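Numbering (my numbering), first residue to last: 662 to 929.
All remarks here apply to the structure that follows.
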Amino acid sequence: MIHPTAVVDPSAQLGARVHIGPFCSVGPSAILGEGVDLVSHVVVDGQTTIGPGTKIFPFATIGMAPQDLKYRGENTETIIGARCTIREHATINRGTEPGGGVTRVGDDCLIMTAGHVAHDCQIGNGVIIVNNVVMGGHVEIGDGAIIGGSAAIHQFVRIGRGAMIGGMSGVEADVIPFGMIIGNRARLAGLNIIGLRRRNIDHTTIHHMRATFNALFRDCTHPFHDRLKTLQSETHDPYTTEILTFAASPGKRGLIRTTTSAADDSEG
(Lines of atoms letter the chains of each structure in order from A and count residues from 1; the text may use other names and numbers.)
(Lines give C-alpha, C1' and ligand atoms only; values in the text may rest on other atoms or scores of the structure.)
Protein backbone atom coordinates (compact mmCIF):
# COMPACT_ATOMS: atom_id res chain seq x y z
CA MET A 1 0.00 0.00 0.00
CA ILE A 2 1.25 3.47 -0.91
CA HIS A 3 -0.32 6.46 0.81
CA PRO A 4 -1.52 9.13 -1.64
CA THR A 5 0.76 11.76 -0.08
CA ALA A 6 3.90 9.64 -0.55
CA VAL A 7 6.24 10.39 -3.47
CA VAL A 8 7.54 7.16 -4.98
CA ASP A 9 9.57 7.24 -8.17
CA PRO A 10 8.11 4.89 -10.81
CA SER A 11 11.55 3.29 -11.24
CA ALA A 12 11.77 2.18 -7.61
CA GLN A 13 11.49 -1.59 -7.13
CA LEU A 14 8.89 -2.57 -4.53
CA GLY A 15 8.41 -6.09 -3.20
CA ALA A 16 5.13 -7.69 -2.22
CA ARG A 17 3.20 -6.20 0.70
CA VAL A 18 5.38 -3.09 0.96
CA HIS A 19 3.76 -0.31 2.98
CA ILE A 20 4.75 3.30 2.28
CA GLY A 21 3.05 5.69 4.66
CA PRO A 22 2.19 9.40 4.51
CA PHE A 23 4.75 11.88 3.18
CA CYS A 24 7.47 9.35 2.47
CA SER A 25 9.92 9.89 -0.39
CA VAL A 26 11.39 6.93 -2.28
CA GLY A 27 13.95 7.55 -5.02
CA PRO A 28 14.36 5.89 -8.42
CA SER A 29 17.20 3.55 -7.44
CA ALA A 30 15.58 2.22 -4.27
CA ILE A 31 14.85 -1.49 -3.84
CA LEU A 32 12.40 -2.33 -1.05
CA GLY A 33 12.08 -6.00 -0.15
CA GLU A 34 8.93 -7.90 0.71
CA GLY A 35 7.00 -6.50 3.65
CA VAL A 36 9.12 -3.38 4.15
CA ASP A 37 7.18 -0.80 6.18
CA LEU A 38 7.95 2.92 5.90
CA VAL A 39 5.71 4.33 8.63
CA SER A 40 5.62 7.99 7.55
CA HIS A 41 7.93 10.88 6.58
CA VAL A 42 10.76 8.46 5.68
CA VAL A 43 13.29 9.40 2.97
CA VAL A 44 14.96 6.62 0.96
CA ASP A 45 17.49 8.10 -1.44
CA GLY A 46 20.25 6.94 -3.76
CA GLN A 47 21.08 3.36 -4.66
CA THR A 48 19.54 1.85 -1.54
CA THR A 49 18.42 -1.72 -0.87
CA ILE A 50 16.23 -2.46 2.15
CA GLY A 51 15.77 -6.11 3.10
CA PRO A 52 12.45 -7.87 3.68
CA GLY A 53 10.54 -7.21 6.87
CA THR A 54 12.44 -4.07 7.82
CA LYS A 55 10.41 -1.32 9.50
CA ILE A 56 11.48 2.34 9.39
CA PHE A 57 9.90 4.99 11.58
CA PRO A 58 9.14 8.68 10.92
CA PHE A 59 11.81 11.15 9.83
CA ALA A 60 14.53 8.55 9.31
CA THR A 61 16.70 9.15 6.23
CA ILE A 62 18.34 6.25 4.44
CA GLY A 63 20.93 6.48 1.66
CA MET A 64 21.48 10.22 1.61
CA ALA A 65 24.82 11.58 0.39
CA PRO A 66 27.76 11.01 2.74
CA GLN A 67 29.00 13.81 4.96
CA ASP A 68 32.38 13.74 3.24
CA LEU A 69 33.72 16.82 1.45
CA LYS A 70 35.50 14.58 -1.08
CA TYR A 71 32.22 13.10 -2.30
CA ARG A 72 31.32 14.22 -5.83
CA GLY A 73 28.10 12.33 -6.50
CA GLU A 74 29.57 8.91 -7.25
CA ASN A 75 27.07 6.07 -7.62
CA THR A 76 27.58 4.40 -4.23
CA GLU A 77 25.25 2.22 -2.18
CA THR A 78 23.42 1.67 1.08
CA ILE A 79 22.34 -1.87 1.95
CA ILE A 80 20.03 -2.62 4.89
CA GLY A 81 19.42 -6.24 5.85
CA ALA A 82 16.24 -8.13 6.69
CA ARG A 83 14.01 -7.60 9.72
CA CYS A 84 15.75 -4.45 10.93
CA THR A 85 14.03 -1.78 12.99
CA ILE A 86 15.13 1.80 12.34
CA ARG A 87 13.59 4.34 14.67
CA GLU A 88 12.74 8.04 14.40
CA HIS A 89 15.33 10.50 13.06
CA ALA A 90 17.97 7.83 12.43
CA THR A 91 20.35 8.61 9.56
CA ILE A 92 22.27 6.11 7.43
CA ASN A 93 24.50 7.65 4.73
CA ARG A 94 25.58 5.94 1.52
CA GLY A 95 29.19 4.86 0.96
CA THR A 96 32.07 6.55 -0.81
CA GLU A 97 34.27 5.14 -3.57
CA PRO A 98 37.51 5.34 -1.53
CA GLY A 99 35.77 3.51 1.33
CA GLY A 100 34.53 0.61 -0.81
CA GLY A 101 31.33 2.21 -2.05
CA VAL A 102 28.86 0.57 0.34
CA THR A 103 27.41 1.37 3.75
CA ARG A 104 26.00 -1.89 5.10
CA VAL A 105 23.69 -2.80 7.98
CA GLY A 106 23.15 -6.52 8.60
CA ASP A 107 20.02 -8.50 9.45
CA ASP A 108 17.97 -8.13 12.65
CA CYS A 109 19.54 -4.85 13.74
CA LEU A 110 17.89 -2.22 15.94
CA ILE A 111 18.90 1.40 15.35
CA MET A 112 17.15 3.55 17.92
CA THR A 113 16.12 7.20 17.75
CA ALA A 114 18.65 9.61 16.22
CA GLY A 115 21.36 6.99 15.70
CA HIS A 116 23.81 7.98 12.95
CA VAL A 117 25.53 5.41 10.71
CA ALA A 118 28.11 7.24 8.60
CA HIS A 119 29.46 6.49 5.13
CA ASP A 120 31.17 3.14 4.54
CA CYS A 121 30.27 1.73 7.97
CA GLN A 122 29.88 -2.04 8.12
CA ILE A 123 27.37 -3.14 10.76
CA GLY A 124 26.97 -6.86 11.46
CA ASN A 125 23.87 -8.89 12.27
CA GLY A 126 21.86 -8.41 15.45
CA VAL A 127 23.58 -5.16 16.43
CA ILE A 128 21.77 -2.74 18.77
CA ILE A 129 22.56 0.96 18.39
CA VAL A 130 20.90 2.90 21.21
CA ASN A 131 19.53 6.46 21.06
CA ASN A 132 21.80 9.27 19.88
CA VAL A 133 24.80 7.11 19.01
CA VAL A 134 27.09 8.77 16.47
CA MET A 135 29.83 7.13 14.45
CA GLY A 136 32.36 8.39 11.94
CA GLY A 137 32.95 6.84 8.56
CA HIS A 138 34.40 3.36 7.98
CA VAL A 139 33.44 2.01 11.42
CA GLU A 140 33.07 -1.79 11.63
CA ILE A 141 30.79 -3.37 14.25
CA GLY A 142 30.67 -7.14 14.73
CA ASP A 143 27.58 -9.31 15.14
CA GLY A 144 25.60 -8.89 18.34
CA ALA A 145 27.43 -5.84 19.66
CA ILE A 146 25.50 -3.28 21.73
CA ILE A 147 26.37 0.42 21.49
CA GLY A 148 25.05 2.34 24.52
CA GLY A 149 23.17 5.62 24.31
CA SER A 150 25.02 8.76 23.18
CA ALA A 151 28.27 6.89 22.57
CA ALA A 152 30.58 8.45 19.99
CA ILE A 153 32.73 6.20 17.79
CA HIS A 154 35.75 7.59 15.94
CA GLN A 155 36.12 6.90 12.22
CA PHE A 156 37.89 3.64 11.26
CA VAL A 157 37.29 2.05 14.68
CA ARG A 158 36.55 -1.70 14.73
CA ILE A 159 34.23 -3.09 17.41
CA GLY A 160 34.41 -6.84 17.83
CA ARG A 161 31.58 -9.34 17.94
CA GLY A 162 29.49 -9.31 21.11
CA ALA A 163 31.13 -6.21 22.58
CA MET A 164 29.27 -3.89 24.94
CA ILE A 165 29.91 -0.14 24.69
CA GLY A 166 28.72 1.79 27.74
CA GLY A 167 26.51 4.83 27.35
CA MET A 168 28.24 8.14 26.58
CA SER A 169 31.56 6.40 25.91
CA GLY A 170 34.02 8.11 23.60
CA VAL A 171 35.50 5.24 21.57
CA GLU A 172 38.68 6.20 19.72
CA ALA A 173 40.34 2.80 19.17
CA ASP A 174 39.44 -0.83 18.44
CA VAL A 175 37.41 -2.91 20.91
CA ILE A 176 38.12 -6.63 21.31
CA PRO A 177 35.32 -9.16 20.71
CA PHE A 178 33.17 -9.58 23.83
CA GLY A 179 34.90 -6.61 25.46
CA MET A 180 33.12 -4.17 27.78
CA ILE A 181 34.00 -0.50 27.32
CA ILE A 182 33.19 2.44 29.59
CA GLY A 183 34.18 6.07 29.94
CA ASN A 184 35.23 9.10 27.96
CA ARG A 185 37.83 8.51 26.71
CA ALA A 186 36.80 4.88 26.81
CA ARG A 187 38.83 2.17 28.50
CA LEU A 188 38.46 -1.60 28.51
CA ALA A 189 36.72 -2.57 31.75
CA GLY A 190 36.49 -6.33 31.27
CA LEU A 191 34.53 -8.91 29.32
CA ASN A 192 30.83 -8.70 28.51
CA ILE A 193 29.98 -11.62 30.80
CA ILE A 194 26.23 -11.09 30.62
CA GLY A 195 26.43 -11.14 26.83
CA LEU A 196 28.48 -14.35 26.90
CA ARG A 197 25.90 -16.04 29.14
CA ARG A 198 23.10 -14.93 26.85
CA ARG A 199 24.94 -16.71 24.04
CA ASN A 200 24.86 -19.89 26.16
CA ILE A 201 28.64 -20.10 26.30
CA ASP A 202 29.57 -22.65 28.94
CA HIS A 203 31.10 -21.75 32.29
CA THR A 204 34.45 -23.40 31.54
CA THR A 205 34.92 -21.38 28.36
CA ILE A 206 33.98 -18.13 30.11
CA HIS A 207 36.45 -18.93 32.91
CA HIS A 208 39.19 -19.50 30.33
CA MET A 209 38.30 -16.27 28.54
CA ARG A 210 38.51 -14.35 31.83
CA ALA A 211 41.88 -15.87 32.68
CA THR A 212 43.22 -15.01 29.24
CA PHE A 213 41.85 -11.47 29.48
CA ASN A 214 43.56 -10.94 32.83
CA ALA A 215 46.83 -12.38 31.57
CA LEU A 216 46.77 -10.17 28.49
CA PHE A 217 45.49 -6.89 29.90
CA ARG A 218 46.19 -6.92 33.66
CA ASP A 219 49.36 -8.94 34.24
CA CYS A 220 52.00 -6.46 33.15
CA THR A 221 55.06 -8.54 34.11
CA HIS A 222 56.07 -8.80 30.44
CA PRO A 223 55.48 -6.50 27.44
CA PHE A 224 52.01 -6.67 25.86
CA HIS A 225 53.10 -8.24 22.58
CA ASP A 226 55.11 -10.93 24.39
CA ARG A 227 52.06 -11.80 26.50
CA LEU A 228 49.90 -11.90 23.38
CA LYS A 229 52.27 -14.24 21.55
CA THR A 230 52.49 -16.61 24.53
CA LEU A 231 48.72 -16.74 24.96
CA GLN A 232 48.18 -17.43 21.26
CA SER A 233 50.42 -20.49 21.51
CA GLU A 234 48.50 -21.79 24.54
CA THR A 235 44.88 -21.09 23.51
CA HIS A 236 42.62 -23.45 21.60
CA ASP A 237 38.97 -22.58 22.27
CA PRO A 238 37.40 -20.51 19.45
CA TYR A 239 36.11 -17.60 21.55
CA THR A 240 39.43 -16.86 23.23
CA THR A 241 41.23 -17.37 19.93
CA GLU A 242 38.92 -14.79 18.35
CA ILE A 243 39.89 -12.22 20.98
CA LEU A 244 43.61 -12.87 20.60
CA THR A 245 43.48 -12.83 16.80
CA PHE A 246 41.65 -9.49 16.90
CA ALA A 247 44.18 -8.05 19.37
CA ALA A 248 47.08 -9.23 17.21
CA SER A 249 45.83 -7.36 14.14
CA PRO A 250 44.76 -3.87 15.22
CA GLY A 251 43.39 -1.49 12.62
CA LYS A 252 44.23 2.12 11.92
CA ARG A 253 43.15 3.29 15.37
CA GLY A 254 45.05 0.81 17.55
CA LEU A 255 43.51 -1.15 20.41
CA ILE A 256 41.66 0.06 23.49
CA ARG A 257 43.29 -1.34 26.64
CA THR A 258 42.65 -1.34 30.34
CA THR A 259 44.16 1.60 32.20
CA THR A 260 46.84 -0.69 33.66
CA SER A 261 48.01 -2.23 30.39
CA ALA A 262 47.92 1.09 28.53
CA ALA A 263 50.20 2.68 31.13
CA ASP A 264 52.49 -0.34 31.20
CA ASP A 265 52.93 -0.74 27.43
CA SER A 266 53.30 2.55 25.65
CA GLU A 267 54.38 0.83 22.44
CA GLY A 268 50.73 -0.13 21.71
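Ideal placement from N, C-alpha and C gives every residue a C-beta, glycine not left out.
Keep in mind it's a predicted model, so treat the numbers as computed, not measured.
Restricting attention to beta strand (DSSP E) runs no shorter than 3 residues, the region 808 to 850 encloses them at 840 to 843, ordered along the chain. A residue is called buried once 16 or more other Cβ atoms fall within 10 Å of its Cβ, and Leu-730, having fewer, is exposed.
Counting C-beta atoms within 10 angstroms of its own C-beta, Pro-838 has 16 or more neighbours from the protein chains shown and is therefore classed as buried.
Between the alpha carbons of Glu-758 and Gly-827 lies a distance of about 32 Å.
Contact fails between the region 903 to 923 and the region 855 to 869, because fewer than three Cβ pairs, one in each stretch, are under 8 Å apart.
Annotated three-state conformation of Glu-695 is coil, per DSSP. Classified as exposed, Gln-674 has fewer than 16 neighbouring CB atoms from the shown chains inside 10 Å of its CB. Around the Cβ of Gly-712, a 10 Å sphere holds 16 or more other Cβ atoms; the residue is buried.
Inter-residue distance for Ala-779 and Ala-824 is about 20 Å (C-alpha atoms, whole angstroms). According to the DSSP secondary-structure assignment, Val-778 is paired through a beta bridge with Ile-753. The region 710 to 735 is shown to contain whole beta strand (DSSP E) runs of 3 or more residues at 722 to 725, in chain order. Using a C-beta cut-off of 8 Å, the region 665 to 673 makes contact with the region 682 to 691, since at least three inter-stretch Cβ pairs fall below that distance.
Judged by their CB atoms, Ala-721 and Ala-743 are not nearer to each other than the 7 Å cut-off. The DSSP-derived three-state label of Ser-910 is coil. Thr-920 and Arg-848 do touch by the CB rule: their CB atoms are close to 5 Å apart, below 8 Å.
Your pair Arg-819 and Asp-835 checks out as a contact, with CB atoms roughly 5 Å apart and the cut at 8 Å. Sequence-distant Cβ neighbours of Ala-775 in its own chain, meaning closer than 7 Å and more than five residues away, are His-750, Ala-751, Asn-792, Asn-793. The beta carbon of Ala-691 sits closer than 6 Å to the beta carbons of Ala-673, Val-705, Thr-709 from its chain, once the five residues preceding and following it are set aside; these are given in chain order.
According to DSSP, residue pairing for Met-796 in a beta bridge involves Ile-814. For Asp-781, the number of other beta carbons within 10 angstroms of its own is at least 16, and it is reported as buried. Distance check between Asp-898 and each of His-883, Met-725, Thr-873 places Thr-873 closest, using alpha-carbon atoms only. Taking 8 Å as the upper bound for CB-CB distance, Ile-747 and Ile-717 are in contact here, some 5 Å apart. Arg-914 and Glu-801 do not touch by the CB rule: their CB atoms are close to 11 Å apart, not below 8 Å. Burial is judged here by how many other beta carbons sit within 10 angstroms of a residue's own beta carbon; His-886 has fewer than 16 and is exposed. Pairing Arg-860 with Gly-787, the inter-Cα distance amounts to about 12 Å. Contact check for Gly-912 and Phe-817: beta-carbon distance about 6 Å, within the 8 Å limit, so the pair qualifies. A distance of 7 Å or more separates the beta carbons of Thr-739 and Gly-762.
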